[in-house]
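The structure appears right after this line, and notes come after that.
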Amino acid sequence: MAKYTRGEFLGFSAALAGAFTLGRLPGAQPSASAQTPQPPQTTSGGEPDLIVVNGNVLTSETAQPRAEAFAVKNGRFVAVGSNADVRNLATRRTQVIDAERMTVTPGFIDAHSHPSGVQELYGVNTNLRTVREIQAAIKRKADNTAPETWVVGFMFDDTKLDRPLTRKDLDEATTEHPVSVAHRGGHTNFYNSKAFELAGITNQTPDPPDGRFFRENGELNGRVAENARNVFNRVGTRETFTPEQQRDRARKGMAHMSRLFNAAGLTSVHNAGTSQDAILAYEDCRRNGELTHRAYMMIRSQPAFNGLKAANIYTGFGDEWIRVGGVKFVADGSASERTMRMSTPYVGTNDYGILTMTQDQLYEAIDDAHSHNFQVGVHANGDVTIDMVLKAYERALQKWPDPNRRHRIEHCTLVNPDLIRRIKANGVIPTPFWTYVYYHGEKWSEYGDEKVKWMFAHRSFLDAGIRVPGASDYTPGPFEPMMAIQSMVTRTDYKGRVWGANQKVTVDEALVIATINGAYASSEENLKGSMTAGKLADFVFLEKDPHVVPPNEIMNIKVNRTVVGGKTVYPVERT
């Protein structure tokens, strides 16, 4: 048998990467509840391709939370247990890796993200820290863009800037082009005067019921929220591409995101805004061997949703690489942009936030999706909106009972005991932000300490017996699981301030949130999310054990290797 030490393994990509295939694997997946609890957990099927021994294996399995070794064959775990038991499965042809006590976890699962990669590769990045830098980035693009054509920035973060960005700041960059600078949270944009002029928006224009034109002293300041932005989509000239160019950009963008996810230890990601272009990008990436994370597609495109219904395709269709998930709706504003709809106002204001759907609209949308066998995920941050969504779920489940549909409340940010009780009673899955406490800490003072005690309520959900997953909402939040684990464990932001200490979870609980609970949110807990015989061999080698480093240093733990379906996808072998 071939043997490798930990040191050799860390530099060993080619042989392992070539040892397994990415293809779909035949056979039914055994139920996690049916696994034999005593070690080793094994399945029959001949000699393993790979064995890892002497590891600190954190399995996310209740029956066997720790192990020393595991074996892989044809992209699945075939044994997890002690060194002695797993070594006995090896033959002369088996590759054996000595992990030398390196920590191994299941592959991490992000249950809410917006991966595209197109803006990351081709857009104007305004994730900058000064107004002058943003002006310079916009001007550089404008100088190479025809007049009247939109200049669009992305990833802007208003609270991480040296001072507030205004309409007049963007006018200084260009007056010949409409400009839109999109907040990384996805619910507000900042526009210049040219954009307002083309859209016909003046200081006297009233706010729509589902959006807002922000003003200072009665004058438009450039910030526009929620569906009030729709008017800008109908004016000006946009950069255009042929269908072939658009498809190529989408494929390259998704391949880029796959690489970024793998480097962070992510092996499965739920796309919470899947369009027709994204569906095609996934398939194109798979065809080219560039799809190295598993995709759960939550549909947020009416044409795509209508097409799936017409074809009698619904949640669960697909395979372990690309699967149709739920249908997605958006019912209120943003936590990071301070527009979510709450029962009490933001600190020092009479602003309660913004609704983007009415109760009747929620009833209609959820009845339609539920009756067509879809899981539903509704973006609802504020307690008012969460209540509205639960009313619609309760109604649909009463009309068409299905106790295991696992409808979701995306973000589910601000809760209370009664909302948590109803979430549990209806089998609903909340997907709260997992990196927000750490990364967006400077924003939470606008909510106040009492509210934050009930925001991103991982502890409260776990205590209620709710299998809460982890969710980044990227781009709004960073997707790195190590940052997420630190954020959930410490509830401390990057400046050292603690927010809602009552919602802290343990490292073990954070790992469960980041792995098996993510699989549960897509009804794939019998397929992946933990290290047990029969499941997909998605796993991650970490530089250090998150249990033993200081809690405020967990995010600095490096991912040494990411393996999906038995194949190393990070680091990438260079040829």
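At the far end of the sequence shown sits residue 685, using this note's numbering, and the numbering has no gaps. For each residue, glycine too, the CB sits at the ideal point set by N, CA and C. Bear in mind the structure is a predicted one, so any value in this text is a computation, not a measurement.
- For Tyr549, same chain residues with a beta-carbon under 8 angstroms away, outside a window of 5 residues either side, are Gly587, Pro588, Met593, Ser597, Asp603 and Tyr604 in chain order.
- DSSP lists Asn381 as the bridge partner or partners of Ser223.
- Closest by C-alpha distance to Glu286, out of Arg294, Asp268 and Asp253, is Asp253.
- DSSP, reduced to helix, strand and coil, places Val578 outside both helices and strands of the structure shown, so it counts as coil.
- Here the alpha carbon of Ile496 sits roughly 7 angstroms from the alpha carbon of Cys522.
- In the three-state reduction of the DSSP assignment, Thr600 falls in the helix class, which pools H, G and I.
- The three-state secondary structure of Asn666, taken from DSSP, is helix.
- Between the alpha carbons of Glu171 and Thr213 lies a distance of about 15 angstroms.
- A straight-line Cα-Cα distance of about 21 angstroms links Leu330 and Glu258.
- Taking Val291 as the centre and dropping the five residues before and after it, the same chain places the C-beta of Thr236, Gly263, Phe266 and Phe300 closer than 6 angstroms to its C-beta, in chain order.
- Excluding the 5 residues flanking it on each side, Ser226 has same chain C-beta neighbours closer than 6 angstroms at Gly363, in chain order.
- Between the beta-carbon of Thr298 and that of Val345 there is about 19 angstroms, and that puts the pair past the 8 angstroms contact cut.
- Partner residues in the beta bridge of Glu329, as assigned by DSSP, are Glu326.
- Its chain contains Glu336, Asn337, Ala338, Ile464, Leu465, Thr466 and Met467 as the residues whose beta carbon lies nearer than 8 angstroms to that of Asp320, once the 5 sequence neighbours on both sides are disregarded; these appear in chain order.
- In the structure shown, the three-state DSSP call for Thr678 is strand.
- In the assembly as shown, Pro591 is a buried residue. Its beta-carbon has 16 or more other beta-carbons within 10 Å.
- For the pair Gly217 and Thr625, the Cα-to-Cα distance works out to about 7 angstroms.
- When only Cα atoms are considered, Tyr630 and Asn491 end up about 21 angstroms apart.
- Taken through DSSP and simplified to helix, strand or coil, Ser290 comes out as strand.
- Look at Arg186 here: in three-state DSSP terms it is strand.
- The beta carbon of Cys395 sits closer than 8 angstroms to the beta carbons of Arg361, Met364, Ala365, Ser368 and Leu401 from its chain, once the five residues preceding and following it are set aside; these are given in chain order.
- Apart from the 5 residues on each side of it in sequence, Ala567 sits with its Cβ closer than 6 angstroms to the Cβ of Val525 and Gln613 in its chain, given in chain order.
- Judged by beta-carbon spacing, Val188 lies within the 7 angstroms limit of Ala643, meaning their Cβ atoms are closer than that value.
- When the five nearest sequence neighbours on each side are left out, the beta carbons in the same chain lying within less than 8 angstroms of the beta carbon of Arg325 are those of Asn313 and Asn331, in order along the chain.
- Rounded to the nearest whole angstrom, the C-alpha separation of Val379 and Gly575 is 24 angstroms.
- In summary, Gly443 is buried, with 16 or more beta-carbon neighbours lying within 10 Å of its beta-carbon over all protein chains present.
- Under the criterion of beta carbons closer than 8 angstroms, Val679 and Asn372 qualify as touching, at roughly 4 angstroms.
- For Phe300, the enclosing beta strand (DSSP E) covers residues Thr298 to Tyr301.
- Counting the other CB atoms within 10 Å of its CB gives Asp648 a total of 16 or more, which places it among the buried residues.
- Ile311 sits in coil when the DSSP states are folded into three classes, being neither helix nor strand.
- Between the alpha carbons of Thr215 and Ser223 lies a distance of about 21 angstroms.
- It is roughly 17 angstroms from the alpha-carbon of Arg186 to the alpha-carbon of Ile432.
- Around the CB of Trp544, 16 or more other CB atoms lie within 10 Å, so the residue is classed as buried.
- Residue environment: Lys509 is assigned as exposed (fewer than 16 neighbouring CB atoms within 10 Å of its CB, all protein chains considered).
- Taking 7 angstroms as the cut-off, the Cβ atoms of Tyr503 and Asn460 do not count as close.
- Lys677 has its alpha-carbon roughly 45 angstroms from the corresponding atom of Ser555.
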